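Colleague:
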Amino acid sequence: MSRPPRGPHPETGVSLLTSIRKSLVPIHREGYPFIAIAVVIAIGLLMVSTFFGMLAVGLAIWTALFFRDPERVTPLRDGLVVAPADGRISQVGLALPPRELGLSETPLMRISIFMNVFNVHVNRSPVSGRIEKIAYKPGLFLNADLDKASEDNERNGLIVRGTHGPVGVVQIAGLIARRIVSFVHEGEDIGAGERFGLIRFGSRVDVYLPVGTRVLVSEGQITTAGETVLADYTATAARDIAFRVS
Numbered sequence: 432m433s434r435p436p437r438g439p440h441p442e443t444g445v446s447l448l449t450s451i452r453k454s455l456v457p458i459h460r461e462g463y464p465f466i467a468i469a470v471v472i473a474i475g476l477l478m479v480s481t482f483f484g485m486l487a488v489g490l491a492i493w494t495a496l497f498f499r500d501p502e503r504v505t506p507l508r509d510g511l512v513v514a515p516a517d518g519r520i521s522q523v524g525l526a527l528p529p530r531e532l533g534l535s536e537t538p539l540m541r542i543s544i545f546m547n548v549f550n551v552h553v554n555r556s557p558v559s560g561r562i563e564k565i566a567y568k569p570g571l572f573l574n575a576d577l578d579k580a581s582e583d584n585e586r587n588g589l590i591v592r593g594t595h596g597p598v599g600v601v602q603i604a605g606l607i608a609r610r611i612v613s614f615v616h617e618g619e620d621i622g623a624g625e626r627f628g629l630i631r632f633g634s635r636v637d638v639y640l641p642v643g644t645r646v647l648v649s650e651g652q653i654t655t656a657g658e659t660v661l662a663d664y665t666a667t668a669a670r671d672i673a674f675r676v677s
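So the sequence shown is numbered by my numbering: it starts at 432 and just counts up by one.
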């Protein structure tokens, strides 16, 4: 009589490895140098002091979490505008877009999303379209949650022209943020929910939409980049009322 094989079945081992890989959140490559530096510092401090070494280990773990880049499932129905960032909606209202974008001389509907240092900081396109313009402006590093930050802080703006017209997206550096990283170039096509940039260490992203666009979120709401629907170009008052009743 043949004996049953010892240990786990090979397929079980493969399945376990697959499950482990799926459970690990990917890290964006922009974070590799920072994580490596944090790990080296942690190892060095552990050799000298357990207390400060453990603090450094905590910092290294936080650094890795900061640069996490999870996959997202983006709703692709025509007319939807999705959140470009994880965070909290700090402002919804009319505001002039940055002059360097040349988007409009009159106020547009602005939705501001504030990202704290624990949010995912990879930013995603709110709509599908062509990147018509990218405009970078150096500036200050005020608290990104302040309204004045949209005028005075360092920022990087994009105009994405979709089927319903241009949408402005502005990355604003914050009190701790010191670097805005762009992954795209003018003239490229981009899909809704696709990555276009990253801001290091706490900041804000503004979305500018035409006046009259049906906004589906409110201040204080938590957003998930590439998934939360901010607005709907095709929504009507009747449809909105029906949605609320249901």
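Glycine residues also receive a C-beta, built at the ideal position from the N, C-alpha and C atoms. Keep in mind that this is a model prediction, so the values were computed, not measured.
If you drop the 5 nearest sequence neighbours on each side, which residues of the same chain put their C-beta closer than 8 Å to that of Val488?
Modeller: Ala473 and Leu477
Colleague: Going by other Cβ atoms of all chains shown within 10 Å of its Cβ, with 16 needed for buried, is Tyr463 buried or exposed?
Modeller: Exposed, because fewer than 16 other Cβ atoms sit within 10 Å of the Cβ of Tyr463.
Colleague: Rounded to whole angstroms, what is the Cα-Cα separation between Leu640 and Ile544?
Modeller: 14 Å
Colleague: Any idea which residues DSSP pairs Ile565 with across the strands?
Modeller: Leu589
Colleague: What separation, rounded to the nearest whole angstrom, lies between the Cα atoms of Phe627 and Gly596?
Modeller: 19 Å
Colleague: Given this structure, state the Cα-to-Cα distance separating Arg586 from Glu625, to the nearest angstrom.
Modeller: Cα to Cα, Arg586 sits roughly 20 Å from Glu625.
Colleague: For Ala495 and Ile565, what's the separation of their Cα atoms in angstroms?
Modeller: When rounded, the distance between both Cα atoms is 29 Å.
Colleague: With distances taken from CA atoms, which of Ser649, Val615, Glu502 and Ile611 is nearest Gly524?
Modeller: Ser649
Colleague: CA-CA distance, Val600 and Ser480?
Modeller: So the two alpha carbons sit approximately 45 Å from each other.
Colleague: Along the chain, where does the beta strand (DSSP E) containing Val512 start, and where does it finish?
Modeller: Leu511 to Val513
Colleague: With a 10 Å radius around its C-beta and 16 neighbouring C-beta atoms as the bar for buried, classify Pro557 as buried or exposed.
Modeller: buried
Colleague: What ranges does the beta strand (DSSP E) occupy inside the stretch 471-523, keeping only unbroken runs of at least 3 residues that lie completely in it?
Modeller: 511-513
Colleague: What residue does the beta strand (DSSP E) around Arg460 start on, and which one ends it?
Modeller: Note, Arg460: premise wrong, no beta strand (DSSP E); not H, not E.
Colleague: Can you tell me whether Arg530 is helix, strand or coil according to DSSP?
Modeller: helix
Colleague: Would a C-beta distance cut-off of 7 Å place Ile590 and Glu563 closer than the cut-off?
Modeller: yes
Colleague: Among residues of its own chain, excluding the 5 on either side of Gly484, which ones have a beta-carbon nearer than 7 Å to its beta-carbon?
Modeller: Ala473, Leu476 and Leu477
Colleague: Measuring only the C-alpha atoms, how far is Ser559 from Gly593?
Modeller: Looking at the two C-alpha atoms, the distance is approximately 6 Å.
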